[in-house]
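Enquirer: Protein chains in written order, with the numbering used here: chain Y, 1 to 143; chain V, 1 to 143.
There are 2 protein chains.
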Amino acid sequence: MKISSRLAISIHTLLAIKSFHEKYKITSDFLASSINVNPVIIRRIISQLNNAGITEIISPKSGISIRRPLENISVYNLYVAVDCIDQQLFNFHTNPNISCPVGKNIHEVLDGHFNKIQYAFESMLKDIKISTLTNELNDILKF
Amino acid sequence: MKISSRLAISIHTLLAIKSFHEKYKITSDFLASSINVNPVIIRRIISQLNNAGITEIISPKSGISIRRPLENISVYNLYVAVDCIDQQLFNFHTNPNISCPVGKNIHEVLDGHFNKIQYAFESMLKDIKISTLTNELNDILKF
DNA sequence: ACTACTGTAACTATTATTGTTACAGTAGTA
DNA sequence: TACTACTGTAACAATAATAGTTACAGTAGT
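1. Between V:Asn-77, V:Tyr-79, V:Val-80, V:Asn-115, which lies nearest to Asn-91 of chain V when the distance is taken from Cα to Cα?
2. Does chain V have any CB closer than 8 Å to the CB of Gly-63 of chain Y?
3. Pull up the DSSP beta-bridge partners for Ile-66 of chain V, would you.
4. I'd like to know whether the C-beta of Asn-115 of chain Y is nearer than 8 Å to at least one C-beta of chain V.
5. Measure the C-alpha to C-alpha separation of Ser-123 of chain V and His-21 of chain V and round it to an integer number of angstroms.
6. Can you pull the chain V neighbours of Asn-91 of chain Y, defined as C-beta to C-beta under 9 Å?
7. Closest to Ser-65 of chain Y by CA distance: which of Y:Asn-135, Y:Asp-86, Y:Ile-41, Y:Leu-14 is it?
8. Report the residues of the region 90-109 of chain V with a CB closer than 7 Å to any CB of chain Y, ordered along the chain.
9. Kindly give me the distance between the Cβ atoms of Ile-128 of chain V and Val-82 of chain V, rounded to whole angstroms, as I take these residues to be in contact under 8 Å.
10. Can you name the residues that DSSP bridges to Ser-74 of chain Y?
11. Measure from the alpha carbon of Ser-47 of chain V to the alpha carbon of each residue in V:Thr-27, V:Leu-141, V:Asn-97, then state which is nearest.
12. So Met-1 of chain Y packs on Ile-35 of chain V, CB below 8 Å; how close in whole Å?
13. Taking only beta-carbon atoms, is Ile-73 of chain Y less than 8 Å away from chain V?
14. Tell me which residues share the same chain as Phe-30 of chain V and place their Cβ nearer than 7 Å to its Cβ, disregarding the 5 neighbours each side in the sequence.
15. Classify Ile-3 of chain Y as helix, strand or coil using the three-state DSSP reduction.
16. Excluding five sequence neighbours on each side, which residues of the same chain lie with their C-beta closer than 7 Å to the C-beta of Leu-125 of chain V?
17. Quick check on Phe-121 of chain Y - is its C-beta less than 8 Å from some C-beta in chain V?
18. Would you mind sorting Leu-141 of chain Y into buried or exposed? The rule is 16 or more other CB atoms within 10 Å of its CB.
19. What's the gap between the Cα of Asn-97 of chain V and the Cα of Leu-49 of chain Y?
20. Start and end of the alpha helix (DSSP H) containing Phe-30 of chain Y?
21. Once the 5 residues before and after Gln-88 of chain V are set aside, which same chain residues still bring their CB inside 8 Å of it?
22. At 4 residues or longer, and completely inside the region 79-132 of chain V: list those alpha helix (DSSP H) runs for me, N to C.
23. So, is Phe-144 of chain V buried or exposed, given that buried needs 16 or more other C-beta atoms within 10 angstroms?
24. Indicate whether at least one CB of chain Y lies closer than 8 Å to the CB of Gln-48 of chain V.
25. Spatial neighbours of Pro-69 of chain Y within its chain, please: C-beta separation below 8 Å, excluding the five flanking residues on both sides.
26. Any beta-carbon of chain Y closer than 8 Å to the one on Asp-29 of chain V?
27. Under 8 Å between C-beta atoms, does Asp-86 of chain Y make it to chain V?
28. Whose Cβ in chain Y lies nearer than 9 Å to the Cβ of Val-40 of chain V?
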């Protein structure tokens, strides 16, 4: 089980747009060369970010731009936008035997714990803003 | 992305063993009927739990038993035993372009955040002991 | 020898991920 | 208007993980 690289790629994408948008026109080919994946992968992710209102393309000639202030975009927003999750983080066997006392109550025992962990996990993703990441990147680049 | 149902099944397995080991002989068929999956699925999971020293089978006739006190078995132990994880929770594009300043430093920016979240996530799994879950199940069953 | 199991191989189906080529559509430009 | 440079997306392939099945050899006790 791994969280799709779409999450890391979408973060990389936003950092690259932020770093280069003044000097270069941001195209899927441009981003693909920094991230080193096929441009179609980038276009698919950008398409998902557009749908989520995170990025936009005004016109092919003007390139991809970020629509919201970076402090209003969290890693969780990207995680949702690029479809890393499917409702429940923890999978569950579908039909526990309800004529067995354990099977009948296993959901009641586990759901609370699983939901609590999922909530905490998602909260941690929410706590990371893209603006924080760009600041950290800039600090590294100063040396 | 979902965490394999092997985790929920292995928890269910331990709760069922704990609940029924005095009245019934615990076999893969017995467990399979409570969990409602094919007995081979159970045998594979039991095999992994045996390797992790969590359960054991003294002999086919005596059935499956739990080897450690339930307060010494955490959900994290099961999570590792049944192979829900592959080192890193977050996947990463393999070859960011190191001649690009963003590509060169993306790991330095993200790794700390990702590792911190993974550590916290695993800590939450460690905090749930099987003994807690059996107590909660027993509380439900009292009604 | 028989019985009741386990352990595991071999196979299938399904799904997700990652990647590729190809091409129609579109917004600006010459 | 034709051209250029892009996007958006379909179609396909490869790989891997999950979940499930049947089959059967091996083994511990009876």
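All C-beta atoms in this analysis are idealised placements derived from N, C-alpha and C, irrespective of residue type, glycine included.
Expert: Quick look at the numbers:
1. Numbered from its first residue, the second sequence carries residue 91 of chain V at position 91. Ranking the options by Cα distance to Asn-91 of chain V, first place goes to V:Asn-115.
2. Residue 63 of chain Y sits at position 63 when you count from the first residue of the first sequence. Cβ-Cβ to chain V under 8 Å: no for Gly-63 of chain Y.
3. For the purposes of this step, residue 66 of chain V is taken as residue 66 along the second sequence, with counting starting at 1. In the DSSP secondary-structure assignment, Ile-66 of chain V is bridged to V:Thr-55.
4. As a working note, residue 115 of chain Y is residue 115 in the first sequence. No, Asn-115 of chain Y lies away from the interface with chain V (no Cβ there is under 8 Å from its Cβ).
5. Within the second sequence, the letter at position 123 stands for residue 123 of chain V. Within the second sequence, the letter at position 21 stands for residue 21 of chain V. Straight-line measurement puts the Cα of His-21 of chain V at about 30 Å from the Cα of Ser-123 of chain V.
6. Locating residue 91 of chain Y in the first sequence gives position 91, where the first residue counts as 1. Lys-2, Ile-3, Ser-4, Ser-5, Arg-6, Leu-7, Ala-8, listed in chain order.
7. Position 65 of the first sequence holds residue 65 of chain Y. Of Y:Asn-135, Y:Asp-86, Y:Ile-41, Y:Leu-14, the residue nearest in Cα terms is Y:Leu-14.
8. Answer in chain order: Phe-90, Asn-91, Phe-92, His-93, Asn-95, Pro-96, Asn-97, Cys-100, Pro-101, Val-102, Gly-103, Asn-105, Ile-106, Glu-108, Val-109.
9. If you number the second sequence from 1, residue 128 of chain V lands on position 128. If you number the second sequence from 1, residue 82 of chain V lands on position 82. Not quite, the Cβ-Cβ distance comes to about 15 Å (not below 8 Å), so this is no contact.
10. Counting from 1 along the first sequence, the entry for residue 74 of chain Y is found at position 74. As DSSP reads the structure, Ser-74 of chain Y sits in a beta bridge with Y:Lys-129.
11. Walking along the second sequence from the start, residue 47 of chain V turns up at place 47. Distance check between Ser-47 of chain V and each of V:Thr-27, V:Leu-141, V:Asn-97 places V:Thr-27 closest, using alpha-carbon atoms only.
12. Along the first sequence, one-based indexing puts residue 1 of chain Y at 1. Along the second sequence, one-based indexing puts residue 35 of chain V at 35. So it is not a contact: roughly 20 Å between Cβ atoms.
13. Along the first sequence, one-based indexing puts residue 73 of chain Y at 73. The C-beta of Ile-73 of chain Y comes no closer than 8 Å to any C-beta of chain V.
14. As a position in the second sequence, residue 30 of chain V is number 30, starting the count at 1. Closer than 7 Å at Cβ, skipping near neighbours: Tyr-24.
15. Translated into positions along the first sequence, residue 3 of chain Y becomes position 3. Correct three-state label for Ile-3 of chain Y: strand.
16. Indexing the second sequence from 1 puts residue 125 of chain V at position 125. Ser-74, Val-75, Tyr-76, Tyr-79, listed in sequence order.
17. Walking along the first sequence from the start, residue 121 of chain Y turns up at place 121. Phe-121 of chain Y counts as touching chain V.
18. Locating residue 141 of chain Y in the first sequence gives position 141, counting from the first residue. Counting C-beta atoms within 10 angstroms of its own C-beta, Leu-141 of chain Y has fewer than 16 neighbours from the protein chains shown and is therefore classed as exposed.
19. Along the second sequence, read from residue 1 onward, the residue named residue 97 of chain V stands at position 97. Along the first sequence, read from residue 1 onward, the residue named residue 49 of chain Y stands at position 49. Annotation: Asn-97 of chain V to Leu-49 of chain Y spans about 22 Å, alpha carbon to alpha carbon.
20. As a working note, residue 30 of chain Y is residue 30 in the first sequence. Run containing Phe-30 of chain Y: 28-35, per the alpha helix (DSSP H) assignment.
21. Taking the second sequence and counting its residues from 1, the one referred to as residue 88 of chain V is at position 88. Shown here for Gln-88 of chain V: same chain residues with a beta carbon closer than 8 Å to its own, the five before and five after excluded, namely Phe-114, Gln-118 in chain order.
22. Listed in chain order, the complete alpha helix (DSSP H) runs (minimum 4 residues) inside the region 79-132 of chain V are 101-127.
23. Nothing in the structure corresponds to residue 144 of chain V, since chain V is present only between 1 and 143.
24. Within the second sequence, numbered from 1, the residue matching residue 48 of chain V stands at position 48. No, its Cβ sits nowhere closer than 8 Å to a Cβ of chain Y.
25. Stepping through the first sequence from its first residue, residue 69 of chain Y is reached at position 69. Ser-131.
26. Counting from one through the second sequence, the residue named residue 29 of chain V turns up at place 29. No, its Cβ sits nowhere closer than 8 Å to a Cβ of chain Y.
27. Here the question's residue 86 of chain Y lines up with position 86 in the first sequence. At least one beta carbon of chain V lies nearer than 8 Å to the beta carbon of Asp-86 of chain Y.
28. Taking the second sequence and counting its residues from 1, the one referred to as residue 40 of chain V is at position 40. By Cβ distance, chain Y contributes nothing, its closest Cβ being about 14 Å from Val-40 of chain V, past 9 Å.
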